[in-house]
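Structure first, then comments.
2 protein chains.
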Amino acid sequence: MEFGSYVRDVRERRLNDDRSYSLRQVAGRVGLEPAYLSKIERDVTAPPSEETIGRLAEDLGEDRDLLLAMAGKVSNDLRQIIIRRAPLFADLLRQLKEAPDHAVLRIAREVRDGDW
Amino acid sequence: MEFGSYVRDVRERRLNDDRSYSLRQVAGRVGLEPAYLSKIERDVTAPPSEETIGRLAEDLGEDRDLLLAMAGKVSNDLRQIIIRRAPLFADLLRQLKEAPDHAVLRIAREVRDGDW
DNA sequence: AGGATCGTGTACTGTGTAGTACACACTACT
DNA sequence: AGTAGTGTGTACTACACAGTACACGATCCT
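Each protein sequence line maps, in turn, to chains A and B. Counting in my numbering, the first sequence runs from 1 upward without gaps. Counting in my numbering, the second sequence runs from 1 upward without gaps.
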């Protein structure tokens, strides 16, 4: 699914039981021209900037990283984490490319529990 | 160190025992105008595109991911790995942010040895 | 019936990206 | 002494990015 159609779906679901989720009102809260948000939601134009996607995700109660991913972007803080130790993290990510979800999850859990 | 100065240092080191590493010849092999490479090496202009950095890294025998990182960029294939399973990898990376190098390396090794 | 709200069509703008093209002065051979 | 090669200054270009501004017709409310 495209970024825009997904945003539209989410917004319209919210709109069902909250009239403040009209395109115009969301655009107002997020700080965009309604015409621009309209074009975004119809995928007439490319997804907006990372900052705008962040505000949109917050207003719609969606996961910021997921929304960014649908826009083909990676959050700036993640980019910085990789860049700081580039060859190291590059290798790790390429190793993890084919690893199943539960393995990646297990690793994240182990690291969180601090057993290094 | 800035991207450009680093490239210049590397190139001049190569130039010491191989006259084919003049700015003009490298530019020729990599497919750039000499004036442009000159501006890049003096950090007068922003680092070039990912593709160009890749060709530069190859010609200079440098690590592609490292050079990209110095340019503030992340390789496209890594971005795709994250984007495919965005919230999952986002969480993992944030967990690993403070982990020491040897811990990250150990994880990469374990994954490579396929014990999941 | 009439104002408020709704989504959208069209035109325009400023900034950044990723370079090319050409001319110039300096140095190094031979 | 001449020519080949070196790095650099300046001007320019094409295209993408990230939007704003305004007008329009349709719908809802009361």
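Glycine residues also receive a C-beta, built at the ideal position from the N, C-alpha and C atoms. None of these values were measured; they are calculated from a predicted model.
query = Counting Cβ pairs closer than 8 Å, one from the stretch 58-69 of chain B and one from the stretch 37-53 of chain A, do we hit at least three?
reply = no
message = Check whether the stretch 71-90 of chain B and the stretch 102-111 of chain A are in contact - that is, three or more C-beta pairs closer than 8 Å.
response = yes
key: Beta-carbon neighbours of glycine 4 of chain B, restricted to chain A and to distances below 8 Å   = Mapped onto the second sequence, residue 4 of chain B falls at position 4. For the C-beta of glycine 4 of chain B, not a single chain A residue is nearer than 8 Å; the gap to the nearest is close to 17 Å.
ask   = In terms of alpha-carbon separation, which member of A/Asn16, A/Pro47, A/Gln80, A/Asp77 lies closest to alanine 71 of chain A?
value = Counting from 1 along the first sequence, the entry for residue 71 of chain A is found at position 71. For the set A/Asn16, A/Pro47, A/Gln80, A/Asp77, the Cα lying nearest the Cα of alanine 71 of chain A is the one of A/Pro47.
message = Please confirm whether alanine 35 of chain A has its beta-carbon closer than 9 Å to some beta-carbon of chain B.
response = Sequence index remark: in the first sequence, residue 35 of chain A carries index 35 (1-based). It does not: the Cβ of alanine 35 of chain A has no partner Cβ on chain B nearer than 9 Å.
inquiry  = Quick check on valine 74 of chain B - is its C-beta less than 9 Å from some C-beta in chain A?
reply    = Mapped onto the second sequence, residue 74 of chain B falls at position 74. Judged by the 9 Å Cβ criterion, valine 74 of chain B is in contact with chain A.
ask   = Near aspartate 37 of chain B, which residues of its chain fall below 8 Å by C-beta distance, leaving aside the five closest residues on each side in sequence?
value = For the purposes of this step, residue 37 of chain B is identified with residue 37 of the second sequence, where counting begins at 1. In the sequence on display, residue 37 of chain B carries leucine and not aspartate. Correct list, in chain order: Leu23, Val26, Ala27, Val30.
Alpha helix (DSSP H) segment containing aspartate 101 of chain A, residue limits = Locating residue 101 of chain A in the first sequence gives position 101, counting from the first residue. Here the alpha helix (DSSP H) through aspartate 101 of chain A covers 101-112.
inquiry  = Looking at chain A, is there any beta carbon in it that lies within less than 9 Å of the beta carbon of aspartate 91 of chain B?
reply    = Within the second sequence, numbered from 1, the residue matching residue 91 of chain B stands at position 91. Closer than 9 Å: yes.
query = In terms of residue numbering, what span does the alpha helix (DSSP H) encompassing alanine 90 of chain B cover?
reply = Counting from one through the second sequence, the residue named residue 90 of chain B turns up at place 90. Run containing alanine 90 of chain B: 86-96, per the alpha helix (DSSP H) assignment.
inquiry  = Quick check on DSSP: helix, strand or coil for lysine 39 of chain B?
reply    = Along the second sequence, one-based indexing puts residue 39 of chain B at 39. Three-state result, lysine 39 of chain B: helix.
ask   = With a Cβ-Cβ cutoff of 9 Å, do isoleucine 81 of chain A and leucine 96 of chain B count as a contact?
value = Here residue 81 of chain A refers to the residue found at position 81 of the first sequence. Here residue 96 of chain B refers to the residue found at position 96 of the second sequence. Yes, these two residues count as a Cβ contact at 9 Å.
task = Below 6 Å CB to CB, which residues in the same chain sit around arginine 55 of chain B once its five sequence neighbours on both sides are set aside?
result = Sequence index remark: in the second sequence, residue 55 of chain B carries index 55 (1-based). Around arginine 55 of chain B: Val30.
request  = Report all residues from its chain with a CB closer than 7 Å to the CB of tyrosine 6 of chain B; omit the five preceding and five following residues, and keep chain order.
outcome  = Working through the second sequence from its first residue, we reach residue 6 of chain B at position 6. Around tyrosine 6 of chain B: Met70.
message = Does the CB of lysine 39 of chain A have a neighbour CB from chain B at under 9 Å?
response = Here the question's residue 39 of chain A lines up with position 39 in the first sequence. No, its Cβ sits nowhere closer than 9 Å to a Cβ of chain B.
key: Chain-ordered neighbours of arginine 79 of chain B on chain A, where CB pairs are closer than 7 Å   = As a working mapping, residue 79 of chain B is identified with position 79 in the second sequence. Under the 7 Å cutoff, chain A gives Val74.
key: Extent of the continuous alpha helix (DSSP H) to which glutamate 12 of chain A belongs   = Numbered from 1 along the first sequence, position 12 holds the residue referred to as residue 12 of chain A. Annotation: the continuous alpha helix (DSSP H) that includes glutamate 12 of chain A extends over 3-16.
inquiry  = Does the CB of proline 87 of chain B have a neighbour CB from chain A at under 9 Å?
reply    = Here residue 87 of chain B refers to the residue found at position 87 when the second sequence is read from its first residue. Yes, contact with chain A.
inquiry  = Closest to methionine 1 of chain A by C-alpha separation, out of A/Tyr21, A/Leu66, A/Leu78, would be which residue?
reply    = For this step, residue 1 of chain A is matched to residue 1 along the first sequence. Per the Cα distances, A/Leu66.
query = Straight-line CA distance for leucine 78 of chain B to glutamate 50 of chain B?
reply = The count along the second sequence starts at 1 and reaches residue 78 of chain B at position 78. The count along the second sequence starts at 1 and reaches residue 50 of chain B at position 50. Leucine 78 of chain B and glutamate 50 of chain B: Cα-Cα distance of roughly 13 Å.
Beta-carbon proximity list for valine 63 of chain A, same chain, < 8 Å, skipping 5 on both sides = As a position in the first sequence, residue 63 of chain A is number 63, starting the count at 1. According to the sequence shown, residue 63 of chain A is aspartate rather than valine. The residues are Ala57.
task = To the nearest angstrom, report how far apart glycine 114 of chain B and tyrosine 21 of chain B are at their CA atoms.
result = Here residue 114 of chain B corresponds to residue number 114 of the second sequence, with the count starting at 1. Here residue 21 of chain B corresponds to residue number 21 of the second sequence, with the count starting at 1. Near 42 Å, if we compare the C-alpha coordinates of tyrosine 21 of chain B and glycine 114 of chain B.
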